[in-house]
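The structure appears below as structure tokens.
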Amino acid sequence: MAICWAAWAASLVYRDYAAWLYYWAGRYDQMMNPYGVDPDAPEPSAEDRAFHESLFIADLHADTLNWARDPLERSLFGHVDVPRLLDGNVALQVFSIVTRSPVVLPWMNCVTPHAPDRAALLALLHGRPVFDVRDRAFARIERFIEASARSLVVEGPELRLIRTADDLERLVDDRLAGQDVVGGILAVEGAHWIAADAEPEEVQREVQDLYDAGVRLFAPVHRFDNGLAGSNEGCERYGLTPQGRVALREAEALGMVVDLAHLSQAGIREALDLLEEPFTVSHTGIRAECEPPCRQARNLSDEELEMIVQAGGLVGVGFWPQAVGPSVWRIVEIMAYIGEIAESLNLPRSRYTAFGSDYDGSVAPLVEVGHLSVLTAIMRRHTPPMTPDGIRDVAGRNTCRLFAQVLPGGSPARAAEICDRAASATIFIRPPEEKDGEERLPLLPGGAEGVEATEQVDPEEEE
Ligand SMILES: [Zn+2]
1 MAICWAAWAA SLVYRDYAAW LYYWAGRYDQ MMNPYGVDPD APEPSAEDRA
51 FHESLFIADL HADTLNWARD PLERSLFGHV DVPRLLDGNV ALQVFSIVTR
101 SPVVLPWMNC VTPHAPDRAA LLALLHGRPV FDVRDRAFAR IERFIEASAR
151 SLVVEGPELR LIRTADDLER LVDDRLAGQD VVGGILAVEG AHWIAADAEP
201 EEVQREVQDL YDAGVRLFAP VHRFDNGLAG SNEGCERYGL TPQGRVALRE
251 AEALGMVVDL AHLSQAGIRE ALDLLEEPFT VSHTGIRAEC EPPCRQARNL
301 SDEELEMIVQ AGGLVGVGFW PQAVGPSVWR IVEIMAYIGE IAESLNLPRS
351 RYTAFGSDYD GSVAPLVEVG HLSVLTAIMR RHTPPMTPDG IRDVAGRNTC
401 RLFAQVLPGG SPARAAEICD RAASATIFIR PPEEKDGEER LPLLPGGAEG
451 VEATEQVDPE EEE
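In my numbering, the protein residues as written are 1 to 463.
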């Protein structure tokens, strides 16, 4: 009898404990993922919004899977979930998996291997694997796969895992047909569990396991130096290790996109020599004109940008103040700056930048995912304004091309075909919700640049 009572009491304590953990996980999420405010953010016009609705929008980085929120449910806090992605007309979202994340204490000027690990704390709060970094990664992959499968059986929009160029093509066609579907690409940000003394076969097997689980974007490091390479915030900042070289080669061979975000300068140089396929630096800022709270160390120098652009890399510009500075306008200025670098190298202006928001990355982005039309408005108002075709590139066509070229079944020809189609939408508009007394803005033929019913953009001319 006493044992029964004890078991009952223990179950009560455990239930409360679990509820408390869940409660604090939510509070922590709310605290870590607010939105920044820029009073100079423009109000998009009707034309801006109409043009925005015609774009194929893709984002190269969000850490949503770190948190306990259900990606299918609209949340009152945090940044990304499927309903809000649809509000922002986002077609393709990269969901990255962080396995170790340092708490940088005020007296540290670099991230030591023993810095406290926030990812472990979060794992504890969420009741996920705490001690094994590899298990943490795979637990998050499973969460995404579960949500994606559930989106097919519950009412509401679909969250679809994109693994091949065929998947991407189907996503483009379904969105053009007006279906409520968001494509998700799984990414690893820091393969910290691959040991510095791992044999090449072991490294290959680990990369293969990630590939088999559905991961298609591979970033060797995060903020800690690890067995594959040095981080740009690590204390040693070394280049690629032999294991790192094996991992990047294997990722490319399998049809994964390589992501050089967070990599040390030495690592970037060495990776540029090694890589054969198009790649990305998925979420970053630039060092030029980096005003506080923008942080130089985390960002790319002009020299690095030149090397990356020349090598055909795609730079995802971050939306948060430590990457870009205090104003939402800076996001577009940085895109224009990178465009100038490309032009100085006789390359097309708009081909090398993309969105790399870092939503849900413990940052305060300057634009909400549901209000991305603000960025479209800024791109159209920037001096000199971006061309409609240039905006289509930056907002999603470049990211589409990257994946349609590198993923299994992809090629440059397919990338052009799939992504030009993605960006050719005249109007992608979900059936408007009829609201009493609120008139829908008419789309006048030829009213907004790029919104004409049968738009014919000559890319030669638009560039
Ligand atoms: Zn990151």
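Note that the Cβ used here is the ideal one computed from N, Cα and C, for glycine as well.
> Tell me the DSSP bridge mates of Ile-97?
Replying inline: Here residue 97 corresponds to residue number 97 of the sequence shown, with the count starting at 1. Its beta-bridge partners are Val-188.
>> Please state whether the Cβ-Cβ distance between Thr-99 and Ala-68 is less than 8 angstroms.
In response: For the purposes of this step, residue 99 is taken as residue 99 along the sequence shown, with counting starting at 1. For the purposes of this step, residue 68 is taken as residue 68 along the sequence shown, with counting starting at 1. Their beta carbons are not under 8 angstroms apart, which means Thr-99 does not touch Ala-68 by this criterion.
> Under three-state DSSP, which class holds Thr-241?
Replying inline: The residue given as residue 241 occupies position 241 in the sequence shown. In this structure, Thr-241 counts as coil in the three-state DSSP scheme.
>> Rounding to the nearest angstrom, what Cα-Cα distance links Thr-284 and Leu-72 in this structure?
In response: The sequence position of residue 284 within the sequence shown is 284, counting from 1. The sequence position of residue 72 within the sequence shown is 72, counting from 1. Taking the straight line from one Cα to the other gives about 27 angstroms.
> Between Ala-9 and the rest of its own chain, which residues show a CB-CB distance below 6 angstroms, the 5 nearest in sequence each way excluded?
Replying inline: Start at 1 with the first residue of the sequence shown, and residue 9 comes out as number 9. Counting only Cβ-Cβ distances below 6 angstroms, and skipping sequence neighbours, we find nothing.
>> What I want to know is whether the C-beta of Gly-285 ends up closer than 7 angstroms to one or more non-hydrogen atoms of ligand 1.
In response: Counting from one through the sequence shown, the residue named residue 285 turns up at place 285. Not under cutoff, so the answer is no.
> Gly-178 and Ala-198: beta carbons closer than 8 angstroms?
Replying inline: Here residue 178 refers to the residue found at position 178 of the sequence shown. Here residue 198 refers to the residue found at position 198 of the sequence shown. In this structure, Ala-198 does not lie closer than 8 angstroms to Gly-178 by Cβ.
> Whole alpha helix (DSSP H) runs in the region 235 to 280 with 4 or more residues, listed along the chain?
Replying inline: 242 to 254 and 265 to 274
>> Using 8 angstroms for Cβ pairs, my map puts Ile-331 next to Val-315. What's the rounded Cβ distance?
In response: Position 331 of the sequence shown, counted from the first residue, corresponds to residue 331. Position 315 of the sequence shown, counted from the first residue, corresponds to residue 315. Between Val-315 and Ile-331 the Cβ distance is about 12 angstroms, and since that is not below 8 angstroms, they are no contact.
> With DSSP run on the structure shown, which of helix, strand or coil describes Val-328?
Replying inline: For this step, residue 328 is matched to residue 328 along the sequence shown. Looking at Val-328 - three-state DSSP - the assignment turns out to be coil, as it is neither helix nor strand.
>> Assuming the contact rule is C-beta atoms closer than 8 angstroms, Asn-232 and Ser-264 should be a hit. Round their C-beta distance to whole Å, please.
In response: Locating residue 232 in the sequence shown gives position 232, where the first residue counts as 1. Locating residue 264 in the sequence shown gives position 264, where the first residue counts as 1. Indeed, because the Cβ distance is near 5 angstroms, the residues count as touching under 8 angstroms.
> Is Ile-162 close to chain C, meaning its C-beta is less than 8 angstroms from at least one C-beta of that chain?
Replying inline: The question asks about chain C, but that chain is absent: this structure has only one protein chain.
>> Could you check if Glu-169 belongs to the surroundings of ligand 3, using beta carbon to heavy atom distance under 7 angstroms?
In response: Ligand 3 is absent from the structure shown, which contains only ligand 1.
> Among all the DSSP beta bridges, which residues are the ones paired with Ser-344?
Replying inline: Residue 344 sits at position 344 when you count from the first residue of the sequence shown. Paired residue(s): none; Ser-344 is not in a bridge.
>> Among the candidates Pro-39, Asn-33 and Asp-173, whose CA atom is the shortest distance from the CA of Ala-425?
In response: For the purposes of this step, residue 425 is taken as the residue at position 425 of the sequence shown. The residue with the shortest Cα to Cα distance from Ala-425 is Asp-173.
> In three-state DSSP terms, what is Thr-284?
Replying inline: Position 284 of the sequence shown, counted from the first residue, corresponds to residue 284. Strand at Thr-284.
> With 16 as the cutoff for other CB atoms within 10 Å, does Tyr-359 come out buried or exposed?
Replying inline: The count along the sequence shown starts at 1 and reaches residue 359 at position 359. Looking at its Cβ environment, which holds 16 or more other Cβ atoms inside 10 Å, Tyr-359 is buried.
>> Would Ala-377 and Asp-48 be called neighbours here (beta carbons separated by less than 8 angstroms)?
In response: On the sequence shown, position 377 is the one that residue 377 refers to. On the sequence shown, position 48 is the one that residue 48 refers to. Yes, these two residues count as a Cβ contact at 8 angstroms.
>> Suppose contacts are defined by Cβ-Cβ distances below 8 angstroms. Is Pro-157 in contact with Asp-132 by that definition?
In response: Residue 157 sits at position 157 when you count from the first residue of the sequence shown. Residue 132 sits at position 132 when you count from the first residue of the sequence shown. No; because the gap between Cβ atoms is not below 8 angstroms, this pair is not in contact.
>> Considering only heavy atoms of ligand 1, does any lie closer than 7 angstroms to the CB of Glu-233?
In response: Locating residue 233 in the sequence shown gives position 233, where the first residue counts as 1. Checking every heavy atom of ligand 1 against the Cβ of Glu-233, none is found closer than 7 angstroms.
> Cα-Cα, which of Arg-160, Gly-361, Arg-249 and Ala-137 is closest to Ser-148?
Replying inline: Along the sequence shown, read from residue 1 onward, the residue named residue 148 stands at position 148. Among Arg-160, Gly-361, Arg-249 and Ala-137, the Cα nearest to that of Ser-148 is on Arg-160.
>> Between which residues of its own chain and Glu-276 is the CB-CB distance below 7 angstroms, once the five residues before and five after are set aside?
In response: Against the sequence shown, residue 276 aligns to sequence position 276. Answer for Glu-276: Glu-252, listed in chain order.
> In angstroms, rounded to a whole number, what distance separates the CA positions of Val-207 and Pro-220?
Replying inline: The residue labelled residue 207 in the question sits at position 207 within the sequence shown. The residue labelled residue 220 in the question sits at position 220 within the sequence shown. Cα-Cα distance, rounded: 10 angstroms.
> Does the distance from the C-beta atom of Gly-396 to that of Leu-125 stay below 8 angstroms?
Replying inline: Residue mapping note: residue 396 aligns to position 396 of the sequence shown, counting from 1. Residue mapping note: residue 125 aligns to position 125 of the sequence shown, counting from 1. It is not a contact, given that the beta carbons lie outside the stated cut-off.
>> Using 8 angstroms as the threshold, is the C-beta distance between Pro-102 and Asp-117 below it?
In response: By one-based count along the sequence shown, residue 102 stands at place 102. By one-based count along the sequence shown, residue 117 stands at place 117. The answer is yes: Cβ separation under 8 angstroms.
> Since Ile-97 and Leu-60 are thought to touch, with beta carbons under 8 angstroms apart, how far apart are those beta carbons, to the nearest angstrom?
Replying inline: In the sequence shown, counting from the first residue as 1, residue 97 sits at position 97. In the sequence shown, counting from the first residue as 1, residue 60 sits at position 60. Actually they are not in contact, since the Cβ atoms of Ile-97 and Leu-60 sit about 14 angstroms apart, beyond 8 angstroms.
> Do three or more CB pairs link the region 386 to 394 to the region 343 to 362 at distances below 8 angstroms?
Replying inline: yes
> Anyone know if the C-beta pair for Val-374 and Val-80 falls short of 8 angstroms?
Replying inline: Counting from 1 along the sequence shown, the entry for residue 374 is found at position 374. Counting from 1 along the sequence shown, the entry for residue 80 is found at position 80. Their beta carbons are not under 8 angstroms apart, which means Val-374 does not touch Val-80 by this criterion.
>> With a threshold of 6 angstroms on Cβ separation, who are the neighbours of Ala-187 within its own chain once the five nearest residues in sequence on each side are excluded?
In response: By 1-based counting over the sequence shown, the position of residue 187 is 187. Val-94, Ser-96 and Leu-217, listed in sequence order.
> Can you tell me where the alpha helix (DSSP H) with Phe-218 in it begins and where it stops?
Replying inline: Counting from one through the sequence shown, the residue named residue 218 turns up at place 218. Run containing Phe-218: none in the alpha helix (DSSP H); it sits in the beta strand (DSSP E), 215 to 219.
> If you draw a straight line from the C-alpha of Gly-361 to the C-alpha of Glu-343, how long is it?
Replying inline: In the sequence shown, residue 361 corresponds to position 361, counting from 1. In the sequence shown, residue 343 corresponds to position 343, counting from 1. Approximately 32 angstroms, taken between the alpha carbons.
> In three-state DSSP terms, what is Ser-231?
Replying inline: Translated into the one-based positions of the sequence shown, residue 231 becomes position 231. Residue state, collapsed to three classes: strand.
>> If you reduce the DSSP assignment to three classes, tell me which class Val-315 lands in.
In response: Counting from one through the sequence shown, the residue named residue 315 turns up at place 315. Here Val-315 sits in strand by DSSP.
> Just checking, does the region 19 to 33 make contact with the region 397 to 406 on the three C-beta pairs under 8 angstroms criterion?
Replying inline: no
> From Ala-229 to Ile-3, what does the alpha carbon distance come to, in whole angstroms?
Replying inline: Locating residue 229 in the sequence shown gives position 229, counting from the first residue. Locating residue 3 in the sequence shown gives position 3, counting from the first residue. For Ala-229 and Ile-3, the distance between alpha carbons rounds to 53 angstroms.
> Cβ of Gly-361 versus every heavy atom of ligand 1: is any distance shorter than 7 angstroms?
Replying inline: Start at 1 with the first residue of the sequence shown, and residue 361 comes out as number 361. The answer is yes for Gly-361.
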